[in-house]
Each structure stands twice: as C-alpha cells, then as structure tokens.
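Peer 1:
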Amino acid sequence: MTAVDHDSPARRRWVYRVEDAEPADVALFGGKGAGLARMQRAGLPVPPGFIITTSACAEYVTTGKLPGSVIEEVRAQVAALEHETKRSFGGGPMPLLLAVRSGAPVSMPGMMETILNLGIGRDAAVALAEATGDPEFVLDLTRRLQKGFSEIVLGADPDAVDDAVADFALRADGAPFGETFDRYWALCRKAVYDDVGIAVPEDSWDQLLAAVMAVLQSWTGRRAVTYREHHGIPHDMGTAVVIQSMVFGNLGSPSGTGVAFTRNPVTGERALYGEFLKHAQGEDVVAGIADPETIAEAAERTPEIFDELARIAADLELQYGDALDIEYTVERGKLYVLQVRSATRTPRAAIRIAADLLREGRIEPSAAVAGVSADHLRQVEGPRFDEADLERARADGAVLAAGVAASPGQMSGTLILDSERAVERARVGEDLILARPTTSPRDLQGLIAAAAIVTARGGATSHAAVVARALAKPCVVGCGALSLDEKRRTLTAGERVLQEGDAVSIDGDAGELLLGRVKVNRVGASNPDLSLLMDRAGAASGCTVLASVTTPGQARTALERGAAGVVTSIDEVLASTGRPVKVLEAVARPGSGHAALTEMHQAVAEAFTPLLAELDGFDVDVEAIDAAQLALPVGDPDLLRAQVSGLALAAERSGYAPTPRLVVRDVSDAIEARAIRLLGEEPAEDRHLWVDVRALQATDIDTSTSELLESLAASCESRPGYRIGMRLFGRVSDDIAARLYGLGFRLFAVDVDELRVARLALAKAAWRLSSRRAPTR
Amino acid sequence: MTRAEFEVLNVIVIKGMCRTSSVADVLGTPEECVEETAAALQQRNLIARRGDLLLPTDRADPALGAFAAEAYKDLRSGPESDGLHERFERINGQLLQTMAAWQQVDVGGHRVANDHSDPDYDENVIDRAAKLVERLKGITGALGEHDPRFLRYGERFDAAFDRVDRGDRDYLSSPGLESVHNIWFEFHEDLLRSLGKARAG
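Residue numbers (the numbering used here), protein chains in the order written: chain A, 1 to 777; chain B, 778 to 978.
#1: Is Y273 of chain A close to chain B? Criterion is C-beta to C-beta, closer than 9 Å.
#2: Counting only Cβ-Cβ distances shorter than 8 Å, please list the residues of the segment 458-473 of chain A near chain B, keeping chain order.
#3: Please confirm if R933 of chain B has its CB atom under 9 Å from at least one CB of chain A.
#4: Here's the rule: buried if 16 or more other CB atoms are within 10 angstroms of the residue's CB, otherwise exposed. What is F168 of chain A?
#5: Sort out for me which residues DSSP pairs N521 of chain A with in a bridge.
#6: Beta-carbon separation of D666 of chain A and E623 of chain A under 9 Å?
#7: Taking only runs of the alpha helix (DSSP H) that begin and end inside the segment 895-924 of chain B, which ones reach a length of at least 4 residues, in chain order?
#8: S971 of chain B versus chain A: which residues are under 9 Å apart at the beta carbon?
#9: Are the C-beta of R694 of chain A and some C-beta of chain B separated by less than 9 Å?
#10: Using only CA atoms, which one of A:G333, A:M411 and A:G397 lies nearest to R384 of chain A?
#11: If you draw a straight line from the C-alpha of A76 of chain A to the C-alpha of H235 of chain A, how long is it?
#12: Does any C-beta atom of chain A lie closer than 9 Å to the C-beta of K908 of chain B?
#13: Leaving out the 5 sequence neighbours to the left and right, which residues in its chain are closer than 8 Å to N941 of chain B when beta-carbon positions are compared?
#14: Under a CB-based cut-off of 9 Å, is R345 of chain A close to chain B?
#15: A624 of chain A lies in the beta strand (DSSP E); which residues open and close that run?
#16: Using a Cβ-Cβ cutoff of 8 Å, what residues of the segment 439-454 of chain A are near chain B? List them in chain order.
#17: Determine the direct distance from the alpha carbon of E136 of chain A to that of F181 of chain A, and round the result to whole angstroms.
#18: Suppose the cutoff is 6 Å on Cβ atoms and the five residues either side in sequence are ignored; what does the same chain contact list for V1039 of chain B look like?
#19: Among the residues of its own chain, which have a CB less than 6 Å from the CB of Y227 of chain A, if the five just before and after it don't count?
#20: Closest by CA to L334 of chain A, which one among A:L44, A:R13, A:N521 and A:G64?
#21: Starting from F137 of chain A and walking both ways along the alpha helix (DSSP H), at which residues does that stretch end?
#22: How many whole angstroms separate the CB atoms of S645 of chain A and H594 of chain A, which I take to be in contact at a CB cut-off of 8 Å?
#23: Which residues in chain B sit within 8 Å of Y227 of chain A, going by Cβ to Cβ distance?
#24: May I ask you to list, following chain order, the residues of the segment 365-385 of chain A that have a beta carbon less than 8 Å from some beta carbon of chain B?
#25: With H, G and I counted as helix, E and B as strand and the rest as coil, what does DSSP make of M534 of chain A?
#26: List the whole-angstrom C-beta distance separating A819 of chain A from G516 of chain A, where the pair is believed to meet the contact cut-off of C-beta under 8 Å.
#27: Taking only three categories from DSSP, how would you classify Y60 of chain A?
#28: What do you reckon, are the CB atoms on Y336 of chain A and P47 of chain A nearer than 9 Å?
#29: Taking the beta strand (DSSP E) that A503 of chain A falls in, what are its first and last residues?
#30: Check whether the Cβ of D159 of chain A lies closer than 9 Å to any Cβ atom in chain B.
#31: What does H230 of chain A touch in chain B if you count any residue whose Cβ is under 9 Å from its own?
#32: Using a Cβ cut-off of 9 Å (strictly closer), state whether S88 of chain A contacts chain B.
#33: Do you know how far the Cα of S483 of chain A is from the Cα of R442 of chain A?
#34: Report the partner residues of V337 of chain A according to the DSSP bridge assignment.
#35: Does DSSP classify G565 of chain A as helix, strand or coil?
#36: Beta-carbon within less than 6 Å of I343 of chain A's beta-carbon, same chain only, minus the 5 sequence neighbours each way: which residues are those?
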C-alpha cells in the first residue's frame with residue numbers, strides 16, 4: 001500500500017500527480033491511472049497529468065457531494081501543469097488543453113469515455129490560432145470539443161455539430177479570428193442546444209469541472225450499477241478520474257501522430273509496424289482521414305525519433321510479454337507515448353505471435369496458448385475455396401454479381417430464395433445459399449438456417465450484414481445486378497436466370513456470387529506454429545480427444561488436426577456410402593433371418609474398409625446400428641454379432657491392426673452390459689463408456705447433474721481398464737471444457753471442426769486448475 | 778379485427794414465424810391471452826400453425842396493412858411523420874455502424890472479427906449502442922403518444938441491456954436471442970409498416 005493516510009479525513013489528499021501515484025495501487029488510482037503511473041515510472045515519455053482518486057468518487061457517491069478540497073487540489077494541479085508545460089489553461093500565449101478519462105479499478109459498462117480538447121474558449125482559441133498560424137486547425141479542435149463534449153457529457157446526437165458546421169467557410173476578408181470563432185461557436189452551440197436543451201460551457205474551468213462531474217456521475221449510472229450488482233463489485237469502490245495535458249501532433253515540425261505495432265498485426269511477423277501521419281492529431285489516424293506514411297518511410301526523415309520509438313517498443317514488449325500497439329504523437333520533435341495495450345491481431349497473426357513469443361522464451365506455454373482463442377482457430381480452419389477451382393470458375397465467367405463483402409468466408413451450396421423454405425431444407429443438412437432482395441426480421445430464421453447469404457440491396461452496415469457477422473457466415477450485400485422473382489422462384493443476374501435449387505458459391509472475402517459449386521476445402525494441415533502450440537496444449541491437458549467422423553476424408557482431416565482417434569457410427573457410415581436403407585430394411589423385416597444378417601455383415605465390412613484404412617494405429621469407436629431391436633434389453637445378439645464381424649473383416653482387409661470398439665446405445669444395467677461384452681471381441685482393457693452431453697452444452701450444469709457426473713468420474717477411477725468419455729456436439733465452449741475437465745474427465749469426442757478448439761480449451765482448463773491448486777501444494 | 782388481434786398479428790407478421798411464448802414476451806402479456814387471440818386469428822385464416830409455431834398466411838399482410846392505415850391515419854398525415862422517419866434513419870445508420878464496430882475491428886487495414894480482448898474498446902462500443910437506444914426512445918416515446926404499444930420497445934431494450942451489462946454480451950447482436958439488434962430490426966420494420974413507408978435496404 002501507499003503512504004496515503006486513509007483514516008484521517010482532515011489530512012486526506014484526493015488528487016495526485018501521476019509521478020506521485022503508486023502504480024501498484026489500482027484500488028486508489030484505478031486501472032488507467034495506475035497504468036499511466038507505471039508507464040511514467042518506466043521512463044516512458046507520457047504527457048504530464050494528475051489523478052483524482054477513487055476515494056473522492058466514493059465520498060461523492062456516499063455523501064452526494066464532492067469533498068471540499070478536491071476542486072482546490074485540482075486547481076493546484078492544473079497550475080503545476082501550466083508551469084511544467086509553459087502553457088496556460090483557458091488562455092495564451094500558448095493554451096493548455098486537457099483530456100479527461102474515467103478509470104475504475106475494474107472495467108465496467110456505462111463509464112464515461114475520454115473527453116478531449118477541454119480548455120478551448122475564445123481567449124484560448126485566439127491565442128492558439130496566433131501560436132500555430134493555423135486558424136482552420138483551431139476551428140477543427142473547437143468542433144471536436146463541441147462534438148465530443150456534447151455527445152459524451154450531454155448525450156447529444158454526434159452528427160449534430162458536424163452537420164451544423166459542414167458548410168462553414170473561413171472568410172478571407174481579414175476579419176479578426178475572434179469574430180470567426182464566435183460565429184463558429186454560436187453555430188455549434190445552437191445545434192447542441194436544439195438537440196438536448198443545454199450547451200457546452202464557454203468557460204474552460206466549467207468545461208473541466210463538468211467533465212469531471214460527468215465521470216463521477218457515470219459511476220452511479222444504471223448500467224454501471226447493474227454490472228456491479230451482478231458481479232458483486234462494491235458500489236463504494238469508486239472510479240478515478242485521469243486528467244492529462246494534451247500534446248499536439250500538428251504543432252510545428254517535425255510533428256505528427258500514429259499507431260505502432262511491435263509485431264505485424266496482420267501476419268504476426270516480428271518487426272515494428274505501423275503508421276505515421278504528419279501534422280495531425282490522434283483522431284485523424286483513427287478516423288482514416290488522411291493517407292499516413294509507414295513508420296519505415298517516416299523513419300528515413302527523422303531516424304532519431306523512430307529509433308527511440310523502436311527502443312520503447314522493444315522494452316515494453318519485454319515487460320508485457322505480448323505484442324502491443326502503441327499510440328504515439330510527435331510534438332515539435334519530441335516523442336510522447338499516449339497509450340499502450342495488447343495489440344488486436346488477425347487470427348493468423350495471433351497464432352504466429354503466440355508461437356514466436358514462446359520460442360523466444362518470453363512467455364510460458366500457458367500464456368502462449370492463452371493468446372489463441374477458439375474463434376481464432378475457427379477462423380483459420382474455416383472452409384475455403386480450392387484456389388485452382390476458383391481460378392477455373394472465374395476464367396469460365398462464373399461470377400454472377402459483385403457486391404459489398406460484408407462477412408468473410410467462402411461457401412458453396414444450393415440457391416434458395418425464401419427464408420421459410422431455407423429453414424425446412426436446412427433440416428436435412430443441405431448447405432444453402434440464401435438470396436434475398438433485402439432482409440426483414442422475417443428472414444432471421446432463414447439467415448440462421450442458411451450457410452451463406454447474398455442480398456441485392458443494402459451496404460456493409462445493413463441488418464443482413466450485422467446478422468451474418470454475428471453468425472460468422474459468409475455474406476455479400478448490395479449486389480445491384482441481382483433481381484429476384486419470388487413467384488417464379490428465379491434469380492436474374494444480367495443475362496442469366498437461375499432457378500431455386502441451382503448450385504452457387506459465395507465469396508465473402510471478395511464480395512462475389514458465383515455460378516456453380518466451387519470446390520470447398522477444409523484446412524486440415526497444420527503449420528509449425530500451430531503444431532507447436534497444440535503440442536504444448538496436449539501435453540498440458542493429458543486428455544485423449546477423438547473426432548466424430550463419417551468419411552475417410554474427415555478421418556484424414558481429424559488425424560491432421562491431431563485427433564487421438566475417431567468416433568463414428570455404422571448408420572452414418574452406411575448412409576455416406578449410399579447403402580443404408582436397403583440394409584436396414586432387410587434387418588428390420590420380422591424374421592429377416594440369416595440372409596439379412598449376412599448382408600449386414602458384408603455391408604459393414606465394405607463401408608468400413610476405406611475408413612479403417614486411414615486410421616491404422618488409432619482408436620476407432622463405432623456406434624452400433626440404432627435399430628428398434630437394439631432398444632430392447634440386450635438387443636438382438638445376432639445383429640450385434642453381424643456388426644462386430646463386419647468390422648473385424650473391414651479391419652483385416654484394410655490392415656487396421658487394433659480392434660475397433662463397438663459402442664452400443666442405451667445400455668442401462670449391469671447384466672445387459674455383461675451380455676454385450678460376451679458377444680464382442682472388444683479389448684478387455686481400455687474400455688470406453690460414452691456419455692452424450694449435448695444437453696449440458698445448451699444449459700448450465702446444475703448441482704444434481706454435477707453430482708451425478710462427479711460420482712461417475714469417481715466410479716471410473718476405482719475401476720481400472722475403463723474410461724468414461726464425454727461426447728460433445730457442435731461448438732465446444734471454454735466453459736463446458738473447463739467444467740468437464742474439472743470434474744476429472746480426460747476422454748472426449750468432438751466434431752472434427754472443433755477438435756483443435758477442444759484441445760486448446762482443455763489445456764487452458766488444466767493450467768487454470770493447476771494455478772489454483774498450486775498454493776496449497 | 779380487434780385491437781388485441783392487431784397487436785398479436787403485427788408481431789407474427791414482423792417475426793414471420795414464432796412461438797406463442799415469444800409473442801407474449803414481445804407484448805409483455807400473459808401467454809394465455811396470446812393463445813386466445815391467436816386462436817381467433819387462426820379461425821379467420823390470418824395465421825396458421827405448424828407444430829408449436831405460428832406463421833402468417835398470405836391474407837395477414839393486407840389485413841394488417843388495412844388496419845394500420847386506419848389506426849395510424851392521423852400519425853401518417855400528421856406533421857411529425859416524416860421527421861420521425863428521418864430521425865430514425867439517421868440513428869439507424871449509426872446503430873448499424875456501432876454493431877459493425879462491435880463485430881469487427883480494423884487491424885492494419887484489414888477488417889477482422891473483434892476478439893474482445895480490449896475491454897475499453899468494447900465498453901465504448903456498448904456505450905455508443907446504449908446512447909443510440911436512449912435516442913431511439915425519443916422516437917418510441919413520440920409514437921407512444923399515438924399508440925402506447927410502441928413504449929414496449931423501451932422496456933425490451935432495457936431488458937436486453939440488463940443482460941449485456943451483466944456480462945452476457947451475446948445480447949447485443951446475436952440473431953437467436955432477444956438481442957438489441959433483433960429488437961431494433963423489428964422496430965425498424967414496425968416503424969415502416971406503421972408509417973406506411975417502403976424499406977430502403
């Protein structure tokens with residue numbers, strides 16, 4: 001703790017210079033304040049500032065008023081800033097502008113955003129115009145203050161100010177800038193006042209105090225209160241208020257602003273990467289207003305500045321153990337670091353960065369694996385067009401229409417023009433491409449059912465685009481060349497007329513609809529980065545994860561993705577080879593007898609031979625046929641025998657050395673289990689008992705279910721030779737993986753597409769559990 | 778058509794296919810009442826049932842349109858109609874942009890899925906959405922003076938934001954839930970139908 005005396009209110013201090021704040025005291029200075037103090041202590045060039053403590057907020061919340069000395073202390077701190085920066089707040093010759101941000105010890109909703117450019121009034125504006133010789137810049141700062149303050153503090157329409165001054169022209173008649181400023185301010189004032197009935201204060205101190213009070217009040221806003229109540233965060237924790245002087249990237253030369261990444265956020269490559277925008281403020285970069293140059297280009301002009309930036313970047317990365325993005329500004333040749341945070345990155349970069357940091361010895365395997373999320377994996381492994389086939393299709397003129405690429409991904413399937421029909425046909429597992437002129441809420445179920453979406457109208461921010469992205473489905477919107485005839489169920493693209501049911505493909509990356517089915521590949525093969533991470537994950541969890549597969553192709557993908565084996569079912573394998581109905585009918589016929597069973601035996605052998613050929617040496621668990629006879633206790637022994645012998649024959653023909661396990665459903669008592677065991681030739685050791693937990697994936701695990709699972713896990717431990725497997729379907733969440741792992745289960749079967757996701761989630765669960773247990777050991 | 782029938786049919790037409798329970802949730806009325814009204818609508822061949830789903834028949838749209846034309850005659854011909862629509866279109870654009878910002882972020886010039894690793898960014902986006910919803914309430918409030926059913930949207934948004942604020946972030950844009958975007962999407966449709974306007978895109 002710090003030397004702050006929390007117990008004597010008379011001597012209490014509420015406001016601290018950043019230099020005097022203790023970086024470890026997040027409770028008193030909030031996350032942002034403590035972070036800023038840490039950066040300052042580390043010697044980073046941060047703009048000077050001060051912090052109003054969380055205690056001041058707590059006092060304000062409990063007593064309803066600000067402690068008496070807070071405002072005095074703030075004034076003293078501003079005076080100190082004026083002295084340090086040689087600027088004056090609210091006046092000239094060089095005005096001091098301030099930024100105010102909220103900073104609670106924990107991040108929560110409803111808290112005030114950063115308010116910039118506080119301190120602009122008539123005097124300051126005139127002085128600044130004089131100092132910079134750039135009246136347009138001063139008007140632009142005024143606009144930003146009006147817009148930010150009115151939106152964040154007053155709740156006005158963010159466009160109100162922009163619209164009001166859109167046509168404002170600086171007169172070339174030599175009128176004093178003060179008059180120009182007055183006209184400009186009046187326009188903004190009217191727009192804001194008309195919208196919310198209150199205006200941005202003209203006095204700099206009023207601006208600053210209003211911004212500070214707005215931060216404190218946001219602590220008691222409905223949304224923040226809801227969040228705290230739900231998460232058991234005390235209401236008297238309070239938020240800190242961070243007040244920092246602003247630096248200008250458009251003041252003299254060399255000046256500018258930019259964002260630097262310690263590693264390339266697109267590819268993950270280890271090199272300082274980023275942009276520099278000459279003569280600009282931070283917001284310009286974010287808004288993409290001008291074309292910035294690369295850091296490499298800028299460094300040619302002023303190498304010493306960017307050498308310093310590179311040094312800072314390297315130090316920071318070492319300290320944080322992660323790739324970072326750094327917001328910086330250069331004011332008259334002096335570099336300032338404004339913000340440092342973990343860099344946002346593409347999924348591809350996330351994998352490379354995690355693996356590189358691990359190889360470089362900067363982080364532990366647990367941190368490396370934590371750097372890759374389930375969604376990162378899903379995105380890199382998602383279905384992609386076969387490059388050669390896409391080339392061919394394009395060369396053949398298959399592109400039907402181009403629009404806006406609204407949600408990435410590539411998919412081919414069957415064209416469908418109506419949402420209700422999409423829902424029906426998706427039930428049989430068809431990949432559907434839904435085309436609509438535009439979308440209404442009526443299309444929601446269709447959008448959910450479809451594999452990809454195309455619309456004739458709407459832009460990147462249309463309802464269809466929002467829904468498609470939420471569903472992570474490829475989507476192209478605004479294909480103006482398309483027209484739909486709902487009655488005749490046709491889609492016209494220029495000269496070409498397509499019928500519902502025709503094959504089409506959507507390229508959500510390029511924003512195109514193509515005629516025909518472009519071949520889709522599922523990426524299986526690993527790269528060295530992913531392999532490294534998956535190896536560490538596997539070693540950490542010690543789990544056996546099998547993949548649910550049906551075809552030899554899926555089996556290959558499963559092994560490429562590191563499956564320990566597969567789970568499959570006779571029904572589905574027969575169905576995939578096109579033999580199911582005949583065989584099952586034969587078996588189901590009353591008194592079908594020997595001939596039908598022989599046919600079954602042969603069908604199983606034939607269907608499984610190519611599958612087992614892919615899987616030699618790996619576990620193969622095969623679900624027995626789901627026939628009515630088997631629902632009876634012990635089922636039909638002959639039918640089971642036919643399947644066992646069919647599998648044995650397939651194993652022999654394919655050269656699969658182990659014995660596949662036959663998995664029989666709905667076994668409910670010990671005698672039944674024993675009877676089934678006597679039939680089979682399954683191994684006496686290492687038996688698997690599968691539990692279908694898809695119902696648990698949809699809901700929270702309640703206490704009674706949890707107890708049941710616990711006793712199941714325990715009973716397994718006491719009987720060597722048995723393992724209980726958890727069979728999951730669809731998406732595997734970190735949460736379900738952690739719960740099942742925590743209960744002691746180590747055998748899992750998941751969909752092929754979720755294999756790596758599950759292995760990663762289990763490793764994360766293992767590390768979390770061991771870090772929790774570590775102190776007691 | 779009675780007032781209650783209009784309200785139930787309106788929800789079914791907007792949603793296209795839904796359960797009685799979700800109609801009841803939308804209207805904030807007991808399920809039995811909705812069930813009763815739905816039975817009457819079915820008898821008049823305005824809706825059909827498929828399993829436990831209610832869906833509009835081909836006759837639903839014209840019947841609903843005729844009722845709305847009469848019920849909202851004053852609203853449509855009144856001075857504020859165009860203004861309300863314009864105000865909505867403006868914040869609709871902002872809301873959709875905010876949803877896009879929630880879903881995707883710019884990384885070195887590429888749009889990539891937001892991996893929600895930056896809590897400050899996320900909170901800012903959610904705040905923006907919350908502010909836009911507060912602004913939308915100005916519109917639903919004005920409409921509520923013509924028909925109090927519009928006030929229900931405010932309650933639905935509050936419920937969704939309560940979930941979001943408790944940490945259930947899927948309630949922002951997930952299409953399978955009573956999410957902020959779904960409610961907004963439905964209001965958009967409802968507004969166009971009530972004012973008798975065509976959809977722009």
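All C-beta atoms, glycine included, are put in the ideal place defined by N, C-alpha and C.
Peer 2: So, from the data block:
#1: yes
#2: G458, G459, A460, T461, S462, H463, A465, V466, V467, R469, A470, L471 and A472
#3: no
#4: exposed
#5: A:R384
#6: no
#7: 896-921
#8: Correct list: empty, because the minimum Cβ distance to chain A is about 14 Å.
#9: no
#10: A:M411
#11: 29 Å
#12: yes
#13: It is Val, not Asn, that sits at residue 941 of chain B in the sequence shown. Excluding residues within five positions, the ones whose Cβ falls inside 8 Å are I903, Y948, L949 and V957.
#14: yes
#15: Where A624 of chain A is concerned, there is no enclosing beta strand (DSSP E), given that its DSSP letter is neither H nor E.
#16: S440, P441, R442, D443, L444, Q445, L447 and I448
#17: 10 Å
#18: A query on residue 1039 of chain B cannot be resolved here, the shown segment of chain B reaching from 778 to 978 and no further.
#19: M108 and P109
#20: The displayed chain sequence assigns Lys, not Leu, to residue 334 of chain A. Answer by Cα proximity: A:L44.
#21: P135 to I152
#22: 13 Å between Cβ atoms; not a contact.
#23: D942, R943 and G944
#24: S373, D375, H376 and Q379
#25: helix
#26: Residue 819 of chain A lies beyond the stretch modelled for chain A, which goes from 1 to 777, so this question has no answer here.
#27: helix
#28: yes
#29: A503 to D507
#30: yes
#31: D939, D942, R943 and G944
#32: no
#33: 19 Å
#34: A:Y328
#35: strand
#36: The question names Ile, but residue 343 of chain A is Ala in the sequence shown. Within the same chain, A343 of chain A has close Cβ partners F261, P265, A323, L324 and D325.
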